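There are 2 protein chains.
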Amino acid sequence: MRIEHEVLKETIKKALLHAGLNEEAAEVCAKTHAASSADGIESHGLNRVPRFVEYVQKGWVDPKAKPQLVQAKGAVENYDGHLGIGITNAIYCSDRAVELAKIHGIGCVTLKNTTHWMRGGTYAWRMAEAGYMGICWTNTESCMPLWGSDEPGVGNNPFCVAIPRENGPIVLDMAMSQYAYGKLGVYRLAGKELPYPGGFDKDGHLTSDPGAIEDSKRILPTGYWKGSGMAIVLDLAAALMANGKSGTDLDEENQGSCTGCCQIFIAYDPYLFGSRDEIQAMLDKRVAAADSSHPEEAGRKVSCPGERTIQVRKESMEKGIQVNEQIWEQVKAIAEGNMDITDISVR
Amino acid sequence: MRIEHEVLKETIKKALLHAGLNEEAAEVCAKTHAASSADGIESHGLNRVPRFVEYVQKGWVDPKAKPQLVQAKGAVENYDGHLGIGITNAIYCSDRAVELAKIHGIGCVTLKNTTHWMRGGTYAWRMAEAGYMGICWTNTESCMPLWGSDEPGVGNNPFCVAIPRENGPIVLDMAMSQYAYGKLGVYRLAGKELPYPGGFDKDGHLTSDPGAIEDSKRILPTGYWKGSGMAIVLDLAAALMANGKSGTDLDEENQGSCTGCCQIFIAYDPYLFGSRDEIQAMLDKRVAAADSSHPEEAGRKVSCPGERTIQVRKESMEKGIQVNEQIWEQVKAIAEGNMDITDISVR
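Taken in sequence, the protein lines are chains A and B. According to the numbering used here, the stretch in the first sequence is residues 97 to 443, in order. According to the numbering used here, the stretch in the second sequence is residues 97 to 443, in order.
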């Protein structure tokens with residue numbers, strides 16, 4: 097079903113106010129969750145609201161905490177997130193990265209002890225909309241086997257890059273698993289096979305059966321050994337740069353997804369060396385060449401990451417935002433003051 | 097067959113001197129090619145020497161050109177590589193990134209109009225060996241279809257990250273195709289199937305048959321749509337940051353692999369916010385946890401990227417460096433002054 101944007105946002109906001117967020121934080125977070133759903137990323141939009149409320153109730157997220165500057169050097173700042181709200185912490189830090197880039201050409205903000213930022217792409221899009229190239233990533237608890245292992249050993253740490261194109265930003269928002277667990281659930285519930293193998297079954301065979309992968313917990317790193325290697329390196333890099341917790345530390349603390357994690361935000365001024373006209377013309381030419389690639393199926397359109405998102409967003413604003421009915425009912429119940437979070441089936 | 101390191105290096109050096117490199121450049125490049133072969137990356141070590149010589153002969157690489165500072169702002173410097181030697185240009189720029197990181201915490205060098213840097217990991221390893229975290233990537237001409245297309249439309253742009261661990265750097269060196277064309281050739285010549293599908297055949301079916309992929313030129317992006325998206329974003333980011341050529345521009349100029357490309361080098365001081373002891377202990381703990389993951393096959397060892405490279409390097413130094421006999425004969429012939437490059441079958 098589809099829900100009108102304003103209704104979705106206001107309902108989420110009410111739920112978050114009930115959870116203990118103040119007016120300003122509830123507004124920002126509701127906008128962010130609604131925007132993710134509007135962009136077609138339901139898993140980290142509306143669907144994530146009940147779990148966020150649960151985390152606040154458990155004390156895993158402190159809705160009153162603010163990011164605090166620990167230390168700064170040159171083009172880099174380090175913040176302690178004090179387990180505050182992942183979204184507001186990450187927005188603060190991406191905005192600071194842009195401010196640092198204005199001064200130093202490049203700006204880097206490293207954040208430790210923060211909580212789940214929901215959709216990673218939010219902050220890359222934000223930096224691009226401010227006119228800057230943005231790179232960001234997070235570390236997480238282990239949910240995916242390293243290549244060659246049969247037990248979870250690394251996070252599916254998303255990596256995001258945004259290119260500030262005036263005719264529509266190009267934005268990569270890529271987790272290190274081929275499919276997220278949420279996506280497996282969607283296919284299983286629909287009785288469908290995955291388009292490509294998404295993990296191993298309990299006997300160690302590569303499979304496209306989503307249920308078999310959920311059972312084995314052997315989700316596949318994207319590109320086999322490549323996504324596995326990139327995931328561990330992003331984890332190490334985040335913990336090193338922010339002087340914070342690695343995925344192993346998060347595993348030991350075991351306080352839900354991403355609680356206490358590190359996030360990195362890098363902004364870059366696109367017009368340091370080329371004029372706006374030159375840079376934008378280069379981007380437009382490159383994107384046009386990619387988009388006009390010969391399609392493998394007649395009528396299919398090749399596009400750059402982010403281009404379809406803009407279409408989905410437009411459609412959501414016109415026709416309403418696609419929501420899962422069960423989750424929508426649950427968030428409405430929270431918004432009405434029923435804070436008993438007992439069944440969060442879509443994660 | 098295996099060749100002793102010093103013999104390999106000196107032979108490559110002689111070949112490069114014949115190609116017109118000066119003493120210093122020939123020494124540095126020979127060391128770099130030999131080191132790549134010693135690390136098990138033959139494709140960009142010895143195997144690449146004949147093609148490099150060919151490029152010099154064609155005037156696509158100017159062995160006398162030096163990188164020239166175009167402009168600097170804060171923590172960022174932009175260089176024009178003037179189509180100089182890819183290796184020496186990239187070494188210069190990675191060293192400059194480290195110098196900038198000493199001052200600003202993070203340092204970023206953007207290089208345009210350069211040439212093939214051979215093995216991307218060289219510069220990430222170099223930054224890590226200097227004690228800095230290193231990130232680098234390049235753009236290239238199109239050699240891989242974008243997701244949904246059946247013709248080459250993007251480069252397999254490698255992305256490298258190095259973590260400066262004192263007990264052995266952790267280094268990701270990852271191209272955006274599941275397998276390189278060179279690897280397909282190796283499997284085809286050995287009469288073997290690829291371990292996992294590496295592309296599409298002419299009829300659009302995913303296949304593990306290396307020859308069928310060579311015929312169709314439909315090499316698979318790593319992680320399907322994910323590697324495709326990351327490849328185009330790395331291309332745009334490199335061209336934007338360096339104010340240089342995109343993959344589309346390189347396609348139009350059509351002067352061999354990477355001629356005129358952009359490369360980005362980012363260095364980060366790992367001890368900005370944590371002490372050396374804290375950071376190294378975090379890295380050791382995280383790597384130990386990854387390495388002790390339960391293996392899917394008894395006796396198989398899980399490891400982090402770079403760890404096996406160090407073992408291969410050690411073995412190469414003890415037993416000699418593995419080389420392809422045909423290429424070795426060819427490079428020896430060049431070293432002896434026979435500069436007629438007619439058959440470069442292993443690329």
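Think of the CB as a built atom: it goes at the ideal place given N, C-alpha and C, for glycine as much as any other residue. Since the model is a prediction, treat every value here as computed from it, not as a measurement.
- With contact defined as three or more Cβ pairs closer than 8 Å, the stretch 120-138 of chain B and the stretch 102-112 of chain B are in contact.
- Residues of the stretch 353-365 of chain A with a Cβ closer than 9 Å to any Cβ of chain B, in chain order: Ile362, Tyr364, Asp365.
- Counting only unbroken stretches of 3 or more residues, the beta strand (DSSP E) elements lying wholly within the stretch 223-304 of chain B are 229-234, 248-250, 255-259, 266-270, in sequence order.
- Taking a beta-carbon distance threshold of 9 Å, threonine 318 of chain A counts as an interface residue toward chain B.
- Only Met229, Ile231 from the stretch 210-235 of chain A bring a Cβ to less than 9 Å from some Cβ of chain B.
- DSSP, read as helix, strand or coil, puts asparagine 434 of chain B in coil.
- Taking a C-beta cut-off of 9 Å against chain B, the contacting residues of the stretch 320-345 of chain A are Tyr320, Trp321, Lys322, Gly323, Ser324, Gly325, Met326, Ile328, Val329, Leu330, Asp331, Leu332, Ala333, Ala335, Leu336, Met337, Ala338, Asn339, Gly340, Lys341, Ser342, Gly343, Thr344, Asp345, listed in chain order.
- The alpha-carbon separation between valine 419 of chain A and threonine 405 of chain A amounts to approximately 16 Å.
- The Cβ of histidine 390 of chain A sits closer than 9 Å to at least one Cβ of chain B.
- For the stretch 171-192 of chain A, residues whose beta-carbon sits nearer than 7 Å to a beta-carbon of chain B comprise Ala171, Val172, Asn174.
- When CB distances to chain A are screened at a threshold of 7 Å, the residues of the stretch 385-414 of chain B falling below it are Ala385, Ala386, Ser389, His390, Pro391, Glu392, Arg396, Val398, Cys400, Pro401, in chain order.
- For a Cβ distance threshold of 8 Å, nothing in chain A lies close to cysteine 125 of chain B: the least Cβ distance comes to about 27 Å.
- In the DSSP assignment, alanine 386 of chain B falls within the unbroken alpha helix (DSSP H) covering 372-387.
- According to the DSSP secondary-structure assignment, glutamate 173 of chain B is paired through a beta bridge with B:Ala168, B:Val205.
- Distance from the CA of valine 194 of chain B to the CA of leucine 368 of chain B, rounded to the nearest whole angstrom, comes to 13 Å.
- Interface residue (Cβ-Cβ distance to chain B less than 9 Å): threonine 107 of chain A is not classified as such.
- For tryptophan 156 of chain B, the CB contacts under 6 Å within the same chain, skipping 5 residues up- and downstream, are Gln351, Gly352, Thr355 in chain order.
- For the C-beta of proline 241 of chain A, the chain B residues within less than 8 Å are, from N- to C-terminus, Ser389, Glu392.
- Per the C-alpha coordinates, the member of B:Thr344, B:Glu432, B:Thr234 positioned closest to methionine 378 of chain A is B:Thr344.
- By the criterion of at least three beta-carbon pairs nearer than 8 Å, the stretch 246-254 of chain B is not in contact with the stretch 320-329 of chain A.
- Nearest neighbour of glycine 201 of chain B by Cα position, chosen from B:Glu393, B:Ile362, B:Cys400, B:Ile430, turns out to be B:Ile362.
- Under the criterion of beta carbons closer than 8 Å, proline 146 of chain A and isoleucine 430 of chain A qualify as touching, at roughly 7 Å.
- Glycine 294 of chain A places its beta carbon less than 9 Å from that of leucine 316 of chain A.
- Contact check for serine 245 of chain A and glutamate 392 of chain B: beta-carbon distance about 6 Å, within the 8 Å limit, so the pair qualifies.
- Only Val250, Val257, Ile259, Ile266, Leu268, Met270, Gln274 from the stretch 250-282 of chain B bring a Cβ to less than 7 Å from some Cβ of chain A.
- Bridge pairing for cysteine 357 of chain A: A:Thr210 [DSSP].
- Contact between threonine 236 of chain B and glycine 216 of chain B does not hold, since their C-beta atoms are separated by about 10 Å, which reaches or exceeds 8 Å.
- Glutamine 376 of chain A and glutamate 262 of chain A do touch by the CB rule: their CB atoms are close to 5 Å apart, below 8 Å.
- For tyrosine 151 of chain B, not one C-beta of chain A is nearer than 9 Å to its own C-beta.
- Note: alanine 161 of chain A is not bridge-paired with any residue in the DSSP secondary-structure output.
- Interface residue (Cβ-Cβ distance to chain B less than 9 Å): valine 145 of chain A is not classified as such.
- When DSSP states are grouped into helix, strand and coil, isoleucine 362 of chain B belongs to the strand group.
- Cβ neighbours of cysteine 400 of chain B within its own chain (closer than 7 Å, five residues either side excluded): Ile266, Val383, Ala386, Asp387.
- Residue contact with chain B for lysine 313 of chain A: absent (no Cβ-Cβ distance below 9 Å to any residue of chain B).
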